[in-house]
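Read the structure below first, then the notes.
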């Protein structure tokens with residue numbers, strides 16, 4: 001396999017980094033599109049974990065890879081929904097900054 | 107044995123009419139509701155007469171004893187195998203007699219109201235309530251067990267409430283209907299407790315087994331004692347309190363005079379002839395249990411009845427409102443019936459009082475309905491209830507005058523009218539049992555004759571008053587019931603009651619006791635004579651007499667201040683002493699606790715509501731940091 005020479009923890013380090021970059025972006029960015037992109041980062045870090053664990057633990061099976069395929073499909077659907085919502089928000093507020101969209105409060 | 111299951115129709119027809127006219131009466135002309143009600147009652151009355159004729163004359167006693175037949179009986183509510191509430195129809199002498207009384211008087215009131223209530227608002231409503239009342243009363247009469255009776259008892263109370271408050275725009279009518287309902291409900295509490303105690307000790311609700319001389323009521327009479335009386339005695343006294351409330355016995359009589367706010371046919375039907383005798387009927391229904399197990403309870407019945415009859419007769423002497431005079435006379439006559447039950451023994455001639463009571467119930471229903479309907483006819487003509495607005499009416503209302511005179515003679519006990527026969531039996535039974543009660547009954551007979559003829563002379567004799575228009579006789583639809591009831595009042599005394607309605611269901615021979623009959627007729631004549639002297643021609647004698655015994659006169663006029671005493675007890679003692687502290691507790695403890703809970707919630711939430719900022723990223727930060735915190739906690743917990 002191509003990954004034979006690379007140790008597992010390399011994958012884990014990269015996915016952890018991607019995860020927290022995603023979380024950081026999600027919490028700090030005010031732009032909804034950027035927040036959506038951060039979520040994609042989080043999802044993809046998870047995908048890397050699935051695939052890496054799959055090929056190191058049970059190389060003759062494919063569950064991890066298929067799971068990451070499902071995650072990709074869900075992410076695509078989620079992006080479609082999220083962008084539709086964002087467009088509607090833009091129409092209503094003339095902005096996609098989260099701190100301007102704060103009517104759902106006490 | 108004859109099949110009596112068709113008697114189910116007798117209460118069901120009025121129920122159907124009530125539902126029909128009550129639900130859809132407003133869609134048709136009001137007169138159709140009236141006609142429907144009258145037709146239904148005619149059918150019910152017809153069936154009742156057939157039943158009575160079959161029961162008393164065609165079938166007659168079996169082995170010298172009238173059978174108690176359960177025409178219909180279904181289990182309605184089962185508690186245990188032995189204790190269950192049934193719904194059914196009981197045919198025995200008193201229920202058949204009551205069927206005749208209730209349907210006859212009700213039919214007369216229905217026909218009469220076609221004229222009396224003509225053009226009133228709510229004509230259809232009136233008729234549907236009348237049908238409801240007839241249904242409830244017939245159900246009460248036919249009940250096979252004490253609980254079924256209680257259910258219909260309350261229904262009767264409701265329909266009475268509805269009919270007293272018929273003129274609901276009048277505040278006095280509303281107050282009267284509430285008063286009647288509350289007072290009788292209060293008494294019914296005693297009834298309910300009595301039922302529970304009775305069924306607890308005897309394990310049955312059924313009238314037949316409660317009253318059979320070998321039944322459980324009799325067997326358990328030697329049970330535990332409380333304050334010197336057995337449980338059965340207490341239960342029967344409590345049941346009697348319920349009966350006393352419905353029958354307006356002292357001191358629960360205060361609702362009856364006020365109930366005269368209802369339309370006059372209602373007064374005739376409910377507050378004279380049928381509903382108020384429900385209490386008498388209740389005691390009569392359980393009479394063997396009273397007589398055989400609880401003579402003490404029977405003494406209570408006798409003394410309450412005797413006292414009430416005297417008390418009401420004294421009040422009736424001075425009342426001005428003609429319907430109130432009749433109301434107090436009703437109370438007095440029902441006191442008579444109660445007294446007769448109280449002095450009665452069980453079996454054969456000992457049971458003379460029982461027979462006399464039922465006899466008087468029957469005759470009283472006829473002549474008192476006649477009096478009330480006559481009074482209604484007078485009120486219809488004069489548009490006033492006060493006898494001070496009346497006088498010299500005999501020229502204008504000939505039929506009403508004659509029938510009213512017949513009724514007055516009947517209630518005074520002049521032979522050979524029916525009142526004489528039944529009153530004579532009551533007095534004979536009282537003399538046999540207790541001379542003091544006999545003396546009371548004897549005195550009341552004189553008072554009754556006096557106040558009835560005071561009423562009669564004040565209405566029909568004396569000067570003409572200034573009438574707004576010349577009073578005219580009522581239409582035929584109102585006078586026909588008067589004439590019918592007058593005939594019943596004259597002739598019902600000849601019914602051989604001692605062969606029909608007796609305490610142990612066995613016929614016996616009753617004779618007119620001349621030693622009682624002659625004095626009672628004499629005192630009645632004396633009462634009439636005094637009334638004639640005082641009221642036939644206008645003179646100053648009544649006023650002079652009133653001022654010479656001013657205290658007594660005022661006491662009687664103000665009804666011995668019983669209403670004021672009730673007001674004092676409820677307002678000053680109950681409201682101030684009990685209700686106010688309870689209200690304070692409710693407001694300052696119970697409500698305050700609830701308010702505290704609410705206050706805590708409101709304050710806390712206003713303090714922490716800032717958390718819900720509407721900033722999505724703030725939520726996410728809280729969420730993620732909490733997750734991280736939880737992960738750390740779990741790692742710490744499970745790593746060692």
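Protein chains in written order, with our numbering: chain W, 1 to 106; chain S, 107 to 746. For each residue, glycine too, the CB sits at the ideal point set by N, CA and C. Treat the numbers as computed from the prediction; the structure is a model and nothing was measured.
Item, Value
"Beta-carbon separation of residue 537 (chain S) and residue 513 (chain S) under 7 angstroms?", "no"
"Restricting to Cα atoms, I'd like to know which of S:429, S:522, S:625 is closest to residue 565 (chain S).", "S:429"
"Figure out for me which residue from S:340, S:419, S:437, S:448 has the closest Cα to the Cα of residue 389 (chain S).", "S:448"
"Between the alpha carbons of residue 241 (chain S) and residue 495 (chain S), how many angstroms are there, rounded?", "37 angstroms"
"With a threshold of 16 other CB atoms inside 10 Å of the CB of residue 105 (chain W), please say whether the residue is buried or exposed.", "exposed"
"Output needed for residue 15 (chain W): all residues of its chain with C-beta closer than 6 angstroms, excluding positions within five of it in sequence on either side, in chain order.", "45, 48, 49"
"How close, in whole Å, do the beta carbons of residue 604 (chain S) and residue 615 (chain S) come, if the pair is a contact with beta carbons under 8 angstroms?", "7 angstroms"
"For the stretch 698 to 720 of chain S, which residues have a CB atom closer than 8 angstroms to at least one CB atom of chain W, in sequence order?", "715, 716, 718, 719, 720"
"Taking contact to mean 3 or more Cβ pairs, one atom from each stretch, closer than 8 angstroms, check whether the stretch 331 to 351 of chain S and the stretch 404 to 419 of chain S are in contact.", "yes"
"Helix, strand or coil for residue 523 (chain S) per DSSP?", "coil"
"Taking 7 angstroms as the CB-CB cut-off, is residue 722 (chain S) touching chain W?", "yes"
"If we count Cβ pairs, one from each stretch, closer than 8 angstroms, do we get three or more for the stretch 539 to 550 of chain S versus the stretch 482 to 494 of chain S?", "no"
"For residue 84 (chain W), count neighbouring C-beta atoms within 10 Å of its own C-beta (all shown protein chains included) and say buried if the count is 16 or more, exposed if not.", "exposed"
"To which residues does DSSP link residue 190 (chain S) through a beta bridge?", "S:184"
"Please list, in chain order, the chain W residues whose beta carbon lies closer than 8 angstroms to that of residue 299 (chain S).", "By Cβ distance, chain W contributes nothing, its closest Cβ being about 56 angstroms from residue 299 (chain S), past 8 angstroms."
"Are the Cβ atoms of residue 201 (chain S) and residue 131 (chain S) separated by less than 7 angstroms?", "no"
"Any beta-carbon of chain S closer than 7 angstroms to the one on residue 62 (chain W)?", "no"
"Report the three-state DSSP secondary structure of residue 223 (chain S) (helix, strand or coil).", "coil"
"Are there 16 or more other CB atoms within 10 angstroms of the CB of residue 595 (chain S), so buried, or fewer, so exposed?", "buried"
"Compare the C-alpha of residue 265 (chain S) against each of S:250, S:249, S:283, S:276 and name the closest.", "S:283"
"For residue 278 (chain S), which residues from the same chain have a beta carbon less than 6 angstroms from its beta carbon, with the 5 sequence-adjacent residues on both sides left out?", "367"
"Residue 501 (chain S) and residue 171 (chain S) - do their beta-carbons sit closer together than 7 angstroms?", "no"
"Could you tell me which uninterrupted alpha helix (DSSP H) segments, each at least 4 residues in length, are contained entirely in the stretch 30 to 60 of chain W, listed from first to last along the chain?", "32 to 57"
"Let me know if residue 231 (chain S) comes out buried or exposed under the rule of 16 or more other beta-carbons within 10 Å of its beta-carbon.", "buried"
"Under the DSSP definition of a beta bridge, which residues are partnered with residue 636 (chain S)?", "Paired residues: none, contrary to the question."
"What's the call for residue 116 (chain S), buried or exposed, on a 16-neighbour Cβ count within 10 Å?", "buried"
"Taking 7 angstroms as the cut-off, decide whether the C-beta atoms of residue 626 (chain S) and residue 555 (chain S) are in contact.", "no"
"Assuming residue 496 (chain S) is part of the alpha helix (DSSP H), what are its boundary residues?", "Looking at the DSSP string, residue 496 (chain S) is not in any alpha helix (DSSP H), and its letter there is neither H nor E."
"Can you check whether the C-beta of residue 104 (chain W) is within less than 7 angstroms of a C-beta belonging to chain S?", "yes"
"Ordered along the chain, which non-local residues of its own chain (more than five positions away) have a Cβ less than 7 angstroms from that of residue 147 (chain S)?", "120, 209, 212, 213, 216, 240"
"With DSSP as the reference, please indicate the residues paired to residue 179 (chain S) in a beta bridge.", "S:194"
"Can you name the residues of chain C whose CB is closer than 7 angstroms to the CB of residue 26 (chain W)?", "No chain C is present in this structure, whose protein chains are W and S."
"Please report the distance separating the alpha-carbon of residue 363 (chain S) from that of residue 351 (chain S).", "13 angstroms"
"Less than 7 angstroms separating the beta-carbons of residue 179 (chain S) and residue 250 (chain S)?", "yes"
"Buried or exposed for residue 109 (chain S), going by 16 or more other Cβ atoms inside 10 Å?", "exposed"
"What's the call for residue 275 (chain S), buried or exposed, on a 16-neighbour Cβ count within 10 Å?", "exposed"
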